[in-house]
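Protein chains: 2
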Amino acid sequence: MAARTNKLWRLVKRPVGDVIEGALAYEEGVAVPEVKDGQVLLRTLFLSLDPTNRIWMSDMDQYMPPVELGQVMRGFLISVVEESKSSKLPKGSIVAGVGGWQLYEVSDGASYGIINPNPKLPLDAYLSAISMLIGGTAYFGLLDIGQPKAGETLVVSGAAGAVGSLVGQIGKIKGLRVVGIAGSDEKCAWLKNELGFDATINYKKENVSEALRVAAPKGVDVYFENVGGKILDDVLGQCNNFSRVSICGLISGYNASAPIPGPYNFAQILMHRIKVQGFIVIDYAARMGEALQEVEQWVLEGKLKYKSDIAEGLETAPTTLKKLFNGTNDGKLMVHVSKL
Amino acid sequence: MAARTNKLWRLVKRPVGDVIEGALAYEEGVAVPEVKDGQVLLRTLFLSLDPTNRIWMSDMDQYMPPVELGQVMRGFLISVVEESKSSKLPKGSIVAGVGGWQLYEVSDGASYGIINPNPKLPLDAYLSAISMLIGGTAYFGLLDIGQPKAGETLVVSGAAGAVGSLVGQIGKIKGLRVVGIAGSDEKCAWLKNELGFDATINYKKENVSEALRVAAPKGVDVYFENVGGKILDDVLGQCNNFSRVSICGLISGYNASAPIPGPYNFAQILMHRIKVQGFIVIDYAARMGEALQEVEQWVLEGKLKYKSDIAEGLETAPTTLKKLFNGTNDGKLMVHVSKL
Chain A
0 MAARTNKLWR LVKRPVGDVI EGALAYEEGV AVPEVKDGQV LLRTLFLSLD
50 PTNRIWMSDM DQYMPPVELG QVMRGFLISV VEESKSSKLP KGSIVAGVGG
100 WQLYEVSDGA SYGIINPNPK LPLDAYLSAI SMLIGGTAYF GLLDIGQPKA
150 GETLVVSGAA GAVGSLVGQI GKIKGLRVVG IAGSDEKCAW LKNELGFDAT
200 INYKKENVSE ALRVAAPKGV DVYFENVGGK ILDDVLGQCN NFSRVSICGL
250 ISGYNASAPI PGPYNFAQIL MHRIKVQGFI VIDYAARMGE ALQEVEQWVL
300 EGKLKYKSDI AEGLETAPTT LKKLFNGTND GKLMVHVSKL
Chain B
0 MAARTNKLWR LVKRPVGDVI EGALAYEEGV AVPEVKDGQV LLRTLFLSLD
50 PTNRIWMSDM DQYMPPVELG QVMRGFLISV VEESKSSKLP KGSIVAGVGG
100 WQLYEVSDGA SYGIINPNPK LPLDAYLSAI SMLIGGTAYF GLLDIGQPKA
150 GETLVVSGAA GAVGSLVGQI GKIKGLRVVG IAGSDEKCAW LKNELGFDAT
200 INYKKENVSE ALRVAAPKGV DVYFENVGGK ILDDVLGQCN NFSRVSICGL
250 ISGYNASAPI PGPYNFAQIL MHRIKVQGFI VIDYAARMGE ALQEVEQWVL
300 EGKLKYKSDI AEGLETAPTT LKKLFNGTND GKLMVHVSKL
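These protein sequence lines are chains A and B, in that order. At position 182 of the first sequence the residue is numbered 181 (numbering that gives the first Met the number 0), and the sequence of numbers has no breaks. At position 231 of the second sequence the residue is numbered 230 (numbering that gives the first Met the number 0), and the sequence of numbers has no breaks.
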């Protein structure tokens, strides 16, 4: 049998601002190590591209160690177990978890879990919606951190993003008034017409504060934050007493090359007794089954809609990632690496 | 009987920055209205001077309506019921609550509650420690919002202030490592030598970040925030995963005449899953008995020490209040208005 060769992206430089390309170096023809006892050989099917990739590339203080220079870039994957010398992950299993931007991986598979994809759904649904990183984040960030009560007003930024669009739809399932903030009229129309959001704000065209007064006339009870910056400030300014701000992401700051200030409306946290809480979905790993089962059911029932934006080929990963930061992706961004 | 005349301070201008004097106008010889059915005549014994007074003077978005221009300035008081046509507040009762910067008040007394001061303690203890505004704030802000666990590290800013000094001492009662940040060597020495704080930082002389690394070598689990600004940023930068920041006050910003940015370390809230929560002690009114009974007991046992800084005469109130903002007060600031 011919020796397998790998292809992969290594982090070779910490990016500055949004100049990501030079930060990653592509390699082909790398030998794949032999599978030892307790190990598996995984072949990547889909590589998920997410805001957190940009965090891992930097050496900012973060929730996991940053990727070391010279190492394979880290990512979330759906893979198939091609060979197995581990009782935990039998050959042929479909797994999801944290791995590298590469075609093959030989490891103990400890960072992966078996998924049992429903044959009625395409496999990419298990990165776009029914995944820890997307469905799990939306579910726990809204319900556990945001503690919404039926009849309250929920505002979501990055609302047309993979997480944001699920947050808004779960909000509707839970009986909330849902306002989405997104960056184009097309995105806003999708949120309102397809996903059932009550109101939307195109932050690139509208004054967010003024538009929010109309869209959320009773003020904001739960804010699900994906972006940070000026939008966070505008929404904080209209947060009700005892409102909850669930900090899921601050993407507007990830590419910053100089320190950026926190919200000018920070004192509102005191005046309106706001709870601002950050969370990272991996903290909910133990309760993920509960969430993803419900999310899968909602997807099957058509209550949760999602979009996948799939680029072809591992070599496109860095340029594809950039779409996240300029907002040109149309759905959950991923790379199709190899066929099942 | 000669008609009683009042003396009082009215808010006549919104202050800009820390120029408070011209904002208040003093009047003497004002007639005191007759006491009608259901009303009481209160005579002020002590007027409490607090950071929140400055908030009420401004028209910033806040937790109560601001004081209207032309109205008597609002304050916390200890008063005696001089005449009563109300069954709720019998003549001779000592009461504490929200009233005006004035000698006499005729009202229904709804914003006051009867206190039963322990004869072993001076009456000012019921403004300096055993009060909703001080003891209640320290108690609920630390224990309810901060959720400290024995063995954790607590940092308190404004540590030599009335609230901060109680917070640190309650922290010691609860088995925490307590670090106090204050503005002079004398204050720091008092915190360490008299109140039992484990470590102190003089923010006017020391680099807070560097000093905090030494004072809180395991990082910060609970931060009780009284000041905001640069110190908040420095402490946020050393907050542990799942730490809690209890926002009690942001005094450094109350006098600001231009918008001030939030902490540059805001993204730490996400990375370290920090909970930042504002609170106002009046939200805990229903549970105040529970807190103040325990605080009084701790004071009687000598476990909670406090200092009162008492100015003489209502006419000194505005100039006395300024001490809060330049940090020259030595203990809980109040004005002695009239004798019991």
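C-beta: ideal position from N, C-alpha, C; glycine also.
Residues near residue i by beta carbon distance below 8 Å, same chain, minus five either side
| i | result |
| --- | --- |
| Gly69(B) | Arg9, Leu10, Val11 |
| Ala369(A) | Nothing in the structure corresponds to residue 369(A), since chain A is present only between 0 and 339. |
| Asp354(A) | No answer is possible for residue 354(A): it lies beyond the span of chain A, which begins at 0 and ends at 339. |
| Leu102(A) | Asn5, Lys6, Leu7, Arg42, Thr43, Leu313, Val336, Ser337 |
| Phe278(B) | Phe139, Gly140, Asp143, Ile144, Ser245, Ile246, Cys247 |
Assigned exposure category for residue i - 16 Cβ within 10 Å defines buried
| i | result |
| --- | --- |
| Met63(B) | exposed |
| Pro14(A) | buried |
| Val207(B) | buried |
| Leu339(A) | exposed |
| Ile129(B) | buried |
| Gln296(B) | exposed |
| Tyr222(A) | buried |
| Met0(A) | Bear in mind that a pLDDT of 49 at Met0(A), under 50, signals an unreliable position, so the number given afterwards is only what the model happens to contain. It counts as exposed. |
| Asn225(A) | buried |
| Ala2(B) | exposed |
| Ser256(A) | exposed |
| Ala316(B) | buried |
| Tyr25(A) | exposed |
Sequence-distant residues of its chain with Cβ nearer than 7 Å to residue i (five each side left out)
| i | result |
| --- | --- |
| Ile273(A) | Cys238, Ser242, Val244, Gln267 |
| Leu44(A) | Ile77, Ser78, Val79, Leu122, Val336, Ser337, Leu339 |
| Val275(A) | Val244, Ile246, Ile268 |
| Gly326(B) | Gly182 |
| Gly21(A) | Lys12 |
| Lys119(A) | Leu299 |
| Thr319(B) | Leu48, Ala310, Leu332, Val334 |
| Lys322(A) | Asn328, Leu332 |
Option in the options with minimal Cα separation from residue i
| i | options | result |
| --- | --- | --- |
| Glu300(B) | Gly28(B), Ile169(B), Lys322(B), Lys87(B) | Ile169(B) |
| Leu48(B) | Leu332(B), Ser83(B), Val226(B), Leu339(B) | Leu332(B) |
| Leu88(A) | Gly74(A), Ser164(A), Asn201(A), Leu41(A) | Leu41(A) |
| Lys204(A) | Ala181(A), Glu151(A), Arg212(A) | Ala181(A) |
| Ile200(B) | Leu320(B), Lys217(B), Asp233(B), Asp220(B) | Asp233(B) |
| Val29(A) | Pro262(A), Val105(A), Leu235(A) | Val105(A) |
| Arg176(B) | Leu165(B), Pro32(B), Gly150(B), Val155(B) | Gly150(B) |
| Tyr310(B) | Phe324(B), Val219(B), Lys302(B), Asp329(B) | The question names Tyr, yet the displayed sequence has Ala at residue 310(B). Comparing Cα positions, the closest option is Asp329(B). |
| Ala95(A) | Leu132(A), Glu67(A), Val155(A) | Leu132(A) |
| Pro50(B) | Glu26(B), Phe75(B), Glu27(B), Glu185(B) | Phe75(B) |
| Gly135(B) | Ile19(B), Ser110(B), Gln292(B) | Gln292(B) |
Range covered by the alpha helix (DSSP H) that runs through residue i
| i | result |
| --- | --- |
| Lys53(A) | Looking at the sequence itself, residue 53(A) is Arg, so the reference to Lys does not match. Segment 50-56, the alpha helix (DSSP H) holding Arg53(A). |
| Ile180(A) | Premise fails: Ile180(A) lies in the beta strand (DSSP E), 176-181, not in any alpha helix (DSSP H). |
| Tyr253(A) | 250-253 |
| Asn325(A) | 316-325 |
Neighbouring residues, chain B, relative to residue i (Cβ below 8 Å)
| i | result |
| --- | --- |
| Tyr263(A) | Pro258, Ile259, Pro260, Gly261 |
| Ile246(A) | Ile268, Leu269 |
| Leu249(A) | Phe265, Ala266, Leu269 |
Range of the contiguous beta strand (DSSP E) that encloses residue i
| i | result |
| --- | --- |
| Glu77(B) | Note that residue 77(B) is Ile in the sequence shown here, rather than Glu. Taken as a continuous stretch (DSSP letters only), the beta strand (DSSP E) holding Ile77(B) covers 73-83. |
| Arg243(B) | 238-246 |
| Ser307(A) | 307-311 |
| Asp220(A) | 219-224 |
| Glu209(B) | Element bounds for Glu209(B): not the beta strand (DSSP E) but the alpha helix (DSSP H), 207-214. |
| Val34(A) | Unbroken run through Val34(A): none, as it is neither H nor E. |
Neighbourhood of residue i by C-beta, 6 Å cutoff - its chain only, sequence neighbours within 5 removed
| i | result |
| --- | --- |
| Ile259(B) | Gly252 |
| Gln61(B) | Ile54 |
| Pro65(A) | Trp55, Asp58 |
| Val34(A) | Leu40, Glu82, Lys84, Val105 |
| Lys171(A) | Val177, Gly195 |
Partner residues on chain B for residue i, Cβ-Cβ distance less than 7 Å
| i | result |
| --- | --- |
| Lys173(A) | What Lys173(A) touches in chain B: nothing, since even the nearest Cβ is about 22 Å away. |
Contact list for residue i against chain A, beta-carbon separation under 9 Å
| i | result |
| --- | --- |
| Gln276(B) | Ile268, Arg272, Ile273, Lys274, Val275, Gln276 |
| Leu141(B) | Simply none; closest approach about 16 Å. |
| Leu132(B) | Within 9 Å Cβ-Cβ: nothing; Leu132(B) doesn't reach chain A, min ~15 Å. |
Under 7 Å by beta carbon: chain A residues contacting residue i
| i | result |
| --- | --- |
| Gly341(B) | Because chain B here runs from 0 to 339, residue 341(B) falls outside it and cannot be looked at. |
| Leu211(B) | None at all; the shortest Cβ gap to chain A is about 15 Å. |
| Leu303(B) | What Leu303(B) touches in chain A: nothing, since even the nearest Cβ is about 25 Å away. |
Neighbouring residues, chain B, relative to residue i (Cβ below 9 Å)
| i | result |
| --- | --- |
| Tyr62(A) | Asn240, Leu269, Met270, His271, Arg272 |
Residues within the segment 278-299 of chain B neighbouring chain D, beta-carbon criterion of under 9 Å: Absent from the structure: chain D. Protein chains present are A and B.
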